[in-house]
Amino acid sequence: MRENTDIQGDVLAGFKKDHMQLLFLRFEDQQLARAWLKKLRPLIANTRDVAKFNREFSRARSYSGGDDPKNLNALWYGLGLTFDGLQFLVGRNPLPGVDNNTTDGPLKAFVEGPAKRAQALGDTGQNAPQNWLFGNFGDGRVHAVLTLAADDPQTLRATLGDVRQDLARATIVTVYEQDGATLEGPRRGREHFGFKDGVSEPAIMHLDEPEDIPDPVYEKGHPGTILVKPGEFVVGLRRERPHPLPYPEWAHFGSFQVVRRLAQDVPAWWAGVAQQLAVLKQKKAVPDDATTEWLAARVVGRWRSGTPVAKCPHADMSNNSESSGDNDISFADDLDGKLTPLWSHLRKTNPRDGFVDPRKPDKPVKDTQFNHRRIMRRGIPYGLPFDPSASVLNGPDAPRGLVFVSYQADLYRQFEFIQRDWMNDETFPRPNPNTHNKKVPPGDHPTGADAVAGEETTVSWPGPEGPVPLKFSQFVRTEGAVYAFLPSLPVLDRLAEGQMNTNMVVESKTIFTFNSFDHTDRNMVDSGTVRLVLTEQGQLQIIDSRSNQPLWKAKNADGQEVAAGANAQAVFDNGELFLINPADPSRHLFSSGTENHPNAKLVVQMDGNVVIYDEGKPIWHTGTNTKG
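Start counting the sequence shown at 24; every next residue gets the next number (my numbering).
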């Protein structure tokens, strides 16, 4: 992966710059927008160049005793396009198989965007889209997100001048500009509440160096940092689970991007923590010498330095190499959250091995169980730190917060799931099957919403006379949000010419099943012309998307139609499409007969045909071309 020149550089390698500017853009003229993209395209950074620079930068920093090398500077470009932006550039629907009747899922999330999905994301009230600075409706509509990131602020400012001139010549409207910068001095590497940020980021298999052991799970030299398969962040690569994630050809080697401007009310958050500490002391539920810092660490799950409370419960031991700033954390001995609360930000955003499945309450899951939920965060603070003694610009009303940026292959099952089903679900991580995703009375359940970045919530704390309810307001406010897609560099070239391939692609090791545990389509691929469907009876069919009539049905070697029952699985693996009943997985009730082609792809085409390609050559097809 380090040598890849197709994937944009920020997704896997990460720009990791101290200064960043995001420009939210809206196109006005199709031909001028394409010409602008064609001129911009050679400037877009790729994975190989960014990864190489990052390695050289890290090496030079280690030689200098931890100081940033002054002679190594770079400025990187990245470009994301929204659904509307893609449609504007090519003049047609990028996802013809997605409409209002489509079951909710990753592609529908991208089509709708965060403004339409605000209710599910908790963006209501003061967080509602009508209050956003960008990404809402009307003048807030966004077609593209242009990212510039640099080591040197002067270089960034000079480049922005040229960028704005190019935008003006192309009649591209700048809806909003968002700056971001690493906080300086002792706050470096921290967010505005004062805590070290980015500690929990996953490592990437085939990019980051693994441990020197057979079947490594963690990154070398970073205890507890799990290696996640790159397909969780880049479409078309190997994923953690074999569930279907069909995607259009134009999405190959691209990544879905979430951008959110999150305003942080720093003085109110610290005041809120102090108020709840007073409640706990009144109820004699905490030690007499407990401080606001002590409780704040439990709300976050880490001390300011990044030291996990799970490893150092009494004080911030940031100078202790055995306990500071790492991911080597286990909650297996703290399933009830007595040490690190279940509602802490750390556990609400990544439960690790502290999750208890209500169906198997005596068996905690492994810390790798949620690899398929991980996202790659690339955020950066904006605004000056809260320090009223410094200047008015550092006061309580000055704008400050986090430019949240994440990359994932599946908006619905990764970013939205974390936001909806973890952070804002008051029952997680101890879901009760009867109350999951519903409000539960405080006091008789130990969880609540994320007390740092979630909705207003009431949580409970164990006290000598029973649970003590603690109330936390919402201290992080959404002020803008966009879903974009970072296409691969070859796809950007084609988009600049107005070209787009919308055939739907299925990668190897994909399993289709009718029984969906998350109420999303896992039994079909829809190109907008035809659907490849596994029916409830276990039949594999091609259905005409317009007439809803079957065009093809899977048959056995004797030419008879086959049905594998309600638990059937249709599998595409090793170049073969086959149908099985899991009770007898070795028996293929239907087979395309194309096994032993490990690099093959299954393509549901816009012309209605379903084809298996190996190295670009068709080796099997259904013969259902509906366009002659």
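Just so you know, even glycine gets a beta-carbon here, dropped at the ideal spot from N, CA and C.
Contact annotation: the region 598–614 touches the region 567–580, with at least three C-beta pairs closer than 8 Å.
Here phenylalanine 80 carries a helix assignment [DSSP, helix/strand/coil]. Listed in chain order, the beta strand (DSSP E) runs fully inside the region 241–304 are 278–287, counting runs of at least 3 residues.
By a beta-carbon distance limit of 8 Å, proline 485 contacts lysine 361. Their separation comes to about 6 Å. In the three-state scheme derived from DSSP, where H, G and I count as helix and E and B as strand, glycine 184 is classed as helix. The three-state secondary structure of phenylalanine 427, taken from DSSP, is strand.
If you check the CB distance, proline 374 and arginine 321 do not come in under 7 Å. In terms of CA proximity to leucine 98, Ala173 leads the group Thr147, Val282, Glu242 and Ala173. With fewer than 16 other Cβ atoms from the protein chains shown falling within 10 Å of its own Cβ, serine 414 counts as exposed. The straight-line gap separating the alpha-carbon atoms of threonine 536 and tryptophan 643 is approximately 22 Å. CA-to-CA, the gap between alanine 138 and proline 641 works out to about 41 Å. Distance check between tyrosine 506 and each of Gly108, Glu51 and Asn94 places Gly108 closest, using alpha-carbon atoms only. For lysine 624, the enclosing beta strand (DSSP E) begins and ends at 624–627. Under the Cβ criterion (8 Å, minimum of three pairs), the region 24–37 does not count as touching the region 149–156. In the DSSP assignment, phenylalanine 106 falls within the alpha helix (DSSP H) that extends over 106–113.
Look at phenylalanine 354 here: in three-state DSSP terms it is coil, with no helix or strand label. The distance from the Cβ of valine 482 to that of alanine 474 is about 6 Å, consistent with a contact at the 8 Å cut-off.
For aspartate 33, the enclosing alpha helix (DSSP H) has its first and last residue at 32–35.
The shortest C-alpha to C-alpha distance from arginine 397 to any of Asp175, Val73 and Tyr430 is the one to Tyr430. The C-beta distance from glycine 424 to leucine 285 rounds to 5 Å, short enough to meet the 8 Å contact threshold. Contact between serine 496 and glycine 295 holds: CB atoms are separated by about 6 Å, below the 8 Å threshold. Taking 7 Å as the cut-off, the Cβ atoms of glycine 120 and aspartate 549 count as close.
When C-alpha distances from alanine 226 are compared across Gly329, Cys335, His395 and Gln287, the shortest belongs to His395. Distances from the alpha-carbon of alanine 319 to those of Asp339, Lys307 and Asp311 put Asp339 closest.
Contact check for valine 168 against phenylalanine 157 fails: the beta carbons are separated by 7 Å or more. Here the alpha carbon of tryptophan 273 sits roughly 9 Å from the alpha carbon of proline 513. It is roughly 10 Å from the alpha-carbon of valine 113 to the alpha-carbon of asparagine 524. Burial state of glutamate 439 is buried, judged by a 10 Å Cβ sphere holding 16 or more other Cβ atoms.
Going by C-alpha positions, arginine 82 is about 20 Å away from threonine 248.
Assignment of serine 496 by DSSP, reduced to helix, strand and coil, places it in the coil class. Taking all protein chains in view, the Cβ of phenylalanine 160 is surrounded by fewer than 16 other Cβ atoms within 10 Å, so the residue is classified as exposed. For alanine 173, the enclosing beta strand (DSSP E) begins and ends at 167–173. The DSSP-derived three-state label of threonine 501 is strand. For threonine 178, the three-state secondary structure derived from DSSP is helix. In this chain, the beta strand (DSSP E) harbouring aspartate 637 covers 633–637.
In the DSSP assignment, glycine 136 falls within the unbroken alpha helix (DSSP H) covering 129–139.
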